[in-house]
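Note sheet for the following structure.
Set out below in structure tokens:
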């Protein structure tokens, strides 16, 4: 099945720009019935360059309308990552008549002649009275400078209700610094986190801090996300870690010093959550850049480059006294699929495979299986006779693997084709959800307890899948494959 969109690998389920380059999601915020996605954007090239804030809106988190560029570079510098909030109570004094939107972002100014640093990064704000369609930059920018830090960027701002002030989490080299403000304009440093804890194999970027309930309990925990930029020491390239703990409005106290990864694939980076989701909804919704700095500039996507992950609902689950951050696709995704093949009470015998034809090029594969002992089971997504994407679990090694194949002679193929793996203790029951789009597979294991996000660039779309087993039989129950045109 050849498809015109495959020529550029343009996704159906994920946001991608009409043309040119994007990377980090910025300013995720909900306001007056719209989800706003701002993002790092170079409007004149398909590779990274002078950053702007692009802008798209959606009413369902799946279908996005790309709007005019929101923020352009100025005398302060280019526009790096940041966040957006709704100033409901006019704490800034910028909204005397009705609530409005405030963007808090980093400006990056090259200073090649400086003896101290090749660039200066500062925090600035802009505000909008018309639902983000037009923006005014604050006349007294920047609102926060650094006297001695080179890497000083990516502010995530939220309202801390118990104390009645704003909190900013800011990436400052190999740490996260916390600031407070009563008005979004004047900021005070109150603490710093990161020394001797977590992974430090790359610069820390794009923090997020939020509170989540623990599933099935009355308890809650604070979660701190920290993305790690690419460096030669980081085998997987850029990726994201998280910490759980407590926060008193000034200081984040982690539960432990262990490294915990948000995603075990290579293509989930710089993700943050939406601000101002209504309390009646209550979800913590997250999106990330679906890419990796190790090969981001070389993707074979033609006139555009870069896309976002599916929006995901985050939750906390206690597993053997360890807090695990879980991810599930938003429920809005289900409405997109128009056909469903149910796989009820289906058995696959040892050494055999069950094949299912796909009527469309995108699919949502939901499998629940049971076994009494096997060596390996998996799902093969067939693109051509020689090209597959495979999701498999080996009971002996207790590794779940996603293997993709880049057949073109590309310099990044060696890195791209390495298996993406996660250790999962063997169990007689297993849940697997695979969301397939034109150039990605997103794998959610055991109801979102683990995830692997992976770009793929097949020579053809998928026409069928095979469910196979070795060393024992598997039984499928409450399983289905949904497809969309």
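Numbering (UniProt numbering), first residue to last: 1 to 485.
Cβ coordinates follow ideal geometry from the N, Cα and C atoms, glycine included.
All of these numbers come straight from a predicted model, not from anything done at the bench.
How long is the line joining the alpha carbons of residue i and residue j, rounded to whole angstroms?
{"i": "residue 144", "j": "residue 249", "result": "19 Å"}
{"i": "residue 166", "j": "residue 158", "result": "6 Å"}
{"i": "residue 1", "j": "residue 382", "result": "Residue confidence is low: residue 1 scores 39 on pLDDT, short of 50, so the model does not pin down where it sits. Its coordinate-derived value is still stated next. Rounded to whole angstroms, residue 1 to residue 382 spans 11 Å at the Cα level."}
{"i": "residue 104", "j": "residue 201", "result": "27 Å"}
{"i": "residue 56", "j": "residue 312", "result": "17 Å"}
{"i": "residue 3", "j": "residue 141", "result": "Residue placement at residue 3 cannot be trusted, given a pLDDT of 44 that sits under 50; what the coordinates show is reported in the next sentence. Each residue's alpha carbon lies about 48 Å from the other."}
{"i": "residue 437", "j": "residue 47", "result": "23 Å"}
{"i": "residue 19", "j": "residue 66", "result": "11 Å"}
{"i": "residue 392", "j": "residue 310", "result": "22 Å"}
{"i": "residue 138", "j": "residue 122", "result": "13 Å"}
{"i": "residue 114", "j": "residue 174", "result": "22 Å"}
{"i": "residue 375", "j": "residue 468", "result": "11 Å"}
{"i": "residue 290", "j": "residue 283", "result": "21 Å"}
{"i": "residue 192", "j": "residue 199", "result": "16 Å"}
{"i": "residue 423", "j": "residue 400", "result": "6 Å"}
{"i": "residue 61", "j": "residue 35", "result": "7 Å"}
{"i": "residue 106", "j": "residue 177", "result": "14 Å"}
Per DSSP, which one or two residues make a beta bridge with residue i?
{"i": "residue 366", "result": "433, 480"}
{"i": "residue 124", "result": "105"}
{"i": "residue 317", "result": "324"}
I believe residue i touches residue j by the beta-carbon criterion, under 8 Å. Please report the beta-carbon distance rounded to the nearest angstrom.
{"i": "residue 458", "j": "residue 316", "result": "The Cβ separation is near 35 Å, so there is no contact."}
{"i": "residue 160", "j": "residue 168", "result": "Not quite, the Cβ-Cβ distance comes to about 10 Å (not below 8 Å), so this is no contact."}
{"i": "residue 52", "j": "residue 28", "result": "In fact, because the Cβ distance is near 17 Å, the residues do not count as touching under 8 Å."}
{"i": "residue 420", "j": "residue 402", "result": "5 Å"}
Determine the closest residue to residue i out of the options, with distance taken between C-alpha atoms.
{"i": "residue 314", "options": "113, 162, 447, 84", "result": "447"}
{"i": "residue 432", "options": "478, 463, 238, 302", "result": "478"}
{"i": "residue 238", "options": "360, 174, 296, 256", "result": "296"}
{"i": "residue 269", "options": "311, 466, 484, 23", "result": "23"}
{"i": "residue 481", "options": "421, 362, 393", "result": "362"}
{"i": "residue 380", "options": "369, 356, 449", "result": "356"}
{"i": "residue 13", "options": "474, 85, 442, 466", "result": "442"}
{"i": "residue 453", "options": "333, 267, 9", "result": "267"}
{"i": "residue 426", "options": "95, 199, 30, 398", "result": "398"}
{"i": "residue 77", "options": "153, 85, 324", "result": "153"}
{"i": "residue 344", "options": "351, 369, 330", "result": "369"}
Can you name the start and end residues of the beta strand (DSSP E) that residue i belongs to?
{"i": "residue 253", "result": "252-254"}
{"i": "residue 414", "result": "That residue, residue 414, is in no beta strand (DSSP E); its alpha helix (DSSP H) goes 413-416."}
{"i": "residue 218", "result": "Premise fails: residue 218 is in no beta strand (DSSP E) and is neither H nor E."}
{"i": "residue 378", "result": "376-384"}
{"i": "residue 206", "result": "204-213"}
{"i": "residue 421", "result": "420-423"}
{"i": "residue 288", "result": "285-289"}
{"i": "residue 394", "result": "387-394"}
{"i": "residue 449", "result": "Premise fails: residue 449 is in no beta strand (DSSP E) and is neither H nor E."}
{"i": "residue 157", "result": "153-160"}
{"i": "residue 57", "result": "52-58"}
{"i": "residue 34", "result": "34-42"}
{"i": "residue 268", "result": "Where residue 268 is concerned, there is no enclosing beta strand (DSSP E), given that its DSSP letter is neither H nor E."}
{"i": "residue 498", "result": "With the chain running from 1 to 485 in the structure shown, residue 498 is simply not present."}
{"i": "residue 353", "result": "353-357"}
{"i": "residue 247", "result": "239-247"}
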